[in-house]
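According to mature numbering (1 follows the signal peptide of the UniProt record, and there is no 0), the residues represented by the sequence shown are -21 to -1, 1 to 1023, in order.
Built from N, CA and C at the ideal position, the CB exists for glycine as well.
Every value quoted in this text rests on a predicted model; they were computed, and no experiment measured them.
Contents: one structure, followed by commentary.
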Amino acid sequence: MKRFRLFFIFAALIIPLHSHAQFYSLGDDPGHVKWYSIDSPEYRIIYPEGLDSLAKVYGRLLEKYRIPVSRSAGYVPGEMTSRRMPVILHPYNAMSNGSVAWAPMRMDLFTSPEASGAEAMPWEKMLAIHESRHVAQMQFGMSHALRPFNWIFGEMFTGAMAGIYPCRWLMEGDAVVAETALTEAGRGRSADFLNYFMPAFDSGDFRTWDRWRYGSYRHYTPDHYAVGYMAISGLRYMSSDPGFTGTYLHYAARRPYDPLSYWKISRSLTGKGFRDAFDESMKTYHGIWSMEKERRRPFTPSIQMVKTPRRHIEYSELIATDSTLYALKEGLGKSRVMVMLDKDGKEHHVTSFGNISGPLSMSQDRIWWSEYVSDKRWSLKVSSVIMYYDLRTGKKRSFTRSGKRFCPSISPDGQSLMTISYPLHGGSEIEVFSIRSGKCVAAAVMPDSLQVTEAVWLGDRIYAAGISEHGYGLYSIQDFTSGGLPDTGTDAVARKTSPAMTQELGPEPVKITRLHVNGGDILFTSDKNGVNELYRYSPQTRRLYQMTSTEYGAEGFAFSPDRKKLYFSASSAAGKIIRCSDTADLLEKETSFEDIHRYVIPDALSAQEKELAETDSVCTGKAYTGKQNLPQGETVFSEPERYRKFPHLFHIHSWAPLYVDVDDIMSMSYDDYDQSVTLGATAILQNSLGTMKGSLGYSAHKDPYDFSMWRHSGHASLTYSGLYPVIEASVDFNDRAARNYGFNGYIMPDRQSWLLYMTGTASAKPFVQGNLSVYIPFNLSSGGWSRGIIPQVSYSISNDIYSTGTVFYNLQQIGEDLLNPVFDSYTPGKRVLDQRLSGSVRAYVMRPAAHSEIYPDLGIGMEAGAVFYPGMTDWFSPAGYLYLYGYLPGITDTQGLRITATYQKQLNKEARYSTRLVNTLPRGFVFAGDLADVIAGKPGSAKFTADYAIPVHLGDFSITSAFYVKRAVVTPHFDWTIFNGGGLYSAGITAQIEFGCFFWIGAPVSIGLTYSWNGGPSFESLAAENISMNRYYIGPAFSFSLPY
């Protein structure tokens, strides 16, 4: 019982904080969209108008795999909830993704499939299995001992528990296990997924579990999907028991006071603790891969074209010309760029690169690719556009500016461009554009059962790779542009055809990527033998040949123009390194596309799921059919209904028996923690579309002006992002008494000068304050640069009253040090409500920071704004400010320089009081409140800062299981403030240790100290005026971000 009391206290403290992971919205679909919904037995699918058929596709698959995903998960999706699970389809986003969140409970599905490199199964199927597994996992947070806490905290409790107990590695790794075990494909059967572990293990890199789990800034680490999959699949394979996930989730729900319960479950299944079991899993995988590697011998001879990097680097998408080699390059300390290797092997930077969505190709001095580009306002509207880089001019250009188009290929005559297009309603098309006019001149609609991924011209036919129910295949169609289509680009819809298709290869559950033509053959990369190799298909003979055999696989294959050399990026422990082979040394081994690699552990996982299905009559209530698609029969849907936005706008999903300032939790500011979490109650709301967020709260606290009095306050805040401008509004009631402010003037005895003081007294009315902000977050990012402009207007009002009349007193001297105020006169004024109106604009241009970098590679940003007080501008000066910041690369890849400049100016010199908008004091003057007022009273002030971040590798080590240390960051800094009449500075250093795990919570936490020495030409004179200042400051430096 004592343990449960401790757990309740822990929950009450940590849930509002840890639930930040669930208080998020994926973004905004276009505001003009009309939404509809249909109900299946367990789900409510919410989708844009006109996508009824697509909604039913997902509904059928979610119902079909509801029982199969539950068998080894221990829970059935939806078994602990009483209402249908909302499923929101997002068809406007060209990026492939999906998520399950629990505050509010919902599933978000991005319906556009991935083009190049997609897994060898239909995207809808993979998404349904993977996300359904997450829904099954989440049920644990509503069961056993955890169930009562859902009544206390609502849905956010379940989301928080998922972050504390299963953690990302377990949830995502287990979901990949499900998609692998329940199908013939899945990421567990993809050569790319675990590829890095192969050379790492061969080089002796058998890291501890903590190092794989929490990662490193020095050593490349695969993501939590791969690490989690290796851990869980290995445990299941070694124990021949599929019950790890289900057993663990039930154990954690029964004993929530044991956050490391998976260690005990591992021992019960394998006889070993989790660390030892994971070590054994690595050895098992290594043993399997070593045998498979031996079977792939002999390897194609090759030479390395670049130096072995000190830090992990990956080269990809190679393009060879007569004297140069182009490639994309990125790594731990380098964001993605295009580089060029000259004939001497020297590397040159060409241009920055963004988030590409397909392979590179070249034609007539242009390098072509497809790239994801966000809409300038709607964050869930992401296009995949066709771009090119002109080698002659050195400029990047967009060929298309909208749509979901991938993998451009140029016709042999260089006049036409072919792309793969994924319409909103589903399916796939091959589109052909005129390069001269930039317009679509023809399109071919593919069968619904086939997702085309890439296509190339060869002779009078078009060859395309595509994914069907059983995997990838190679297909051909007659060139539907034959016959000289006009170059006018009228309506592309009118020119759509549905040509007959010929199956050339497959389908098989392996990948076919990077199609291109070499002479009269089709070249492509495939993982059919367990690693990525180059294959050649001869359409004339219909024969397939394996061209390369590498130790760990390769990609980006590119022949030199004279076809004497083959360049490629080979997987290694140091990254993906460019190598070169002579064409005469290539393998040229005839093979059958049906002769595919069998994955030992994934096949064992599938056998486990099959056995569970055969014996699970209680769960399904029906006999096993051998297809793992129970329940049988057609899914019954309700009639489509209009999903009105307003009736679903205010959905309360969580609550807490204390007051939580959700805005502080969301922004992670915690500026005033005693006000962020207090006695009271909170209700949190968010609609399923993610466009309305907010909270309602009641708090009990002491009056800030009268500590003997308790205040009972009400709070409400709302943010609506479904319109073009985002609207934020909040109101607070009775945090204190409303105050009446007045002004007293004191005339000095010499009657040559006088002093003005503002006084405030409490009224009998409760304080009420309202705030309204409107802003537009424009996103202009592309080409590897993050760009944005955010204009904002804000208004606040309260029932505090300012009486602008002034009472004057004569100060009569009644002693050596005593002055007696005597009433002199009264200057009448008016009563004005406390109001504030401000406007600002923020703009930035940044290169993204690589994984190991502290700051972005390069960038600049600015914010400018002004504020004034309506009706009080003669008393409180309007003020303006300008804030500039920028980043420059450091001496090494991971170091960086951050510089800022902040300027503030009072705009009404005749006003009685100055307005302080920004802090222009050097950072060492932390507790100098009087000094801040003095500087703010100057007509203008400016601050310049410089920070140079130096990461220091500490070895990636654990301190018991509670802490994991990743690195230290040492940052020398210097601040200089100038103002009318002088200046101040502070110089010092900040040293922090960054943890990957802190008290068993896998979240980045940085703890350290900061030191500043304070001085400047005005230091002594200001100190002589009895302004409190310190020569130095030593204080804590702390930052953290909570896990997803």
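Exposure of residue i, with buried meaning 16 or more beta-carbon neighbours within 10 Å
i       : result
Met209  : buried
Met270  : exposed
Gly183  : exposed
Gln665  : buried
Thr657  : buried
Val931  : exposed
Tyr1012 : buried
Gly438  : exposed
Tyr736  : exposed
Met688  : exposed
Trp81   : buried
His203  : buried
Asn799  : exposed
Trp130  : exposed
Ala115  : buried
Pro807  : exposed
As assigned by DSSP and simplified to three states, the class of residue i
i       : result
Phe1019 : strand
Gly53   : coil
Gly975  : strand
His680  : strand
Trp854  : coil
Ala553  : coil
Glu1004 : coil
Glu42   : helix
Tyr37   : helix
Ser817  : strand
Arg474  : helix
Tyr848  : coil
Tyr71   : coil
Pro65   : strand
Ser352  : The sequence shown places Val at residue 352, not Ser. Residue state, collapsed to three classes: strand.
Trp436  : strand
Leu403  : coil
Thr881  : strand
Where the beta strand (DSSP E) through residue i begins and ends
i      : result
Asn713 : 705 to 726
His694 : 689 to 699
Asn778 : 765 to 792
Ser515 : The question names Ser, but residue 515 in the sequence shown is Arg. Segment 512 to 517, the beta strand (DSSP E) holding Arg515.
Leu797 : Counting along the chain, Leu797 falls outside any beta strand (DSSP E), and DSSP gives it neither H nor E.
Phe223 : Segment 223 to 233 is the alpha helix (DSSP H) holding Phe223; no beta strand (DSSP E) there.
Gln116 : Where Gln116 is concerned, there is no enclosing beta strand (DSSP E), although the alpha helix (DSSP H) it sits in stretches over 102 to 117.
Pro178 : Looking at the DSSP string, Pro178 is not in any beta strand (DSSP E); the run it does join, the alpha helix (DSSP H), is 176 to 181.
Ala423 : 419 to 424
Residue i vs residue j beta-carbon contact at 8 Å
i      : j      : result
Gly77  : His291 : no
Leu668 : Ile24  : no
Ile456 : Pro478 : yes
Gly498 : Asn511 : no
Thr224 : Gly53  : yes
Glu28  : Lys13  : yes
His113 : Met150 : yes
Tyr451 : Arg168 : no
Thr562 : Lys544 : yes
Delimiting residues of the alpha helix (DSSP H) encompassing residue i
i      : result
Gly194 : From DSSP, Gly194 is part of no alpha helix (DSSP H); its letter is neither H nor E.
Phe257 : 253 to 275
Pro338 : Careful: Pro338 lies outside any alpha helix (DSSP H) and carries neither H nor E.
Lys589 : 579 to 594
Gly213 : 203 to 218
Leu658 : Leu658 -> not in any alpha helix (DSSP H); beta strand (DSSP E) instead, spanning 656 to 665.
Thr249 : 240 to 249
Ala915 : 908 to 915
Any non-hydrogen atom of the ligand SAM within 7 Å of residue i CB
i      : result
Phe572 : In terms of ligand content, the structure shown is empty, and the ligand SAM therefore cannot be addressed.
Query raised in the report: Where are the alpha helix (DSSP H) runs, 4 residues long or more, that stay fully inside the segment 130 to 170, in chain order?
Result: The segment 130 to 170 contains these whole alpha helix (DSSP H) runs: 134 to 143, 146 to 160.
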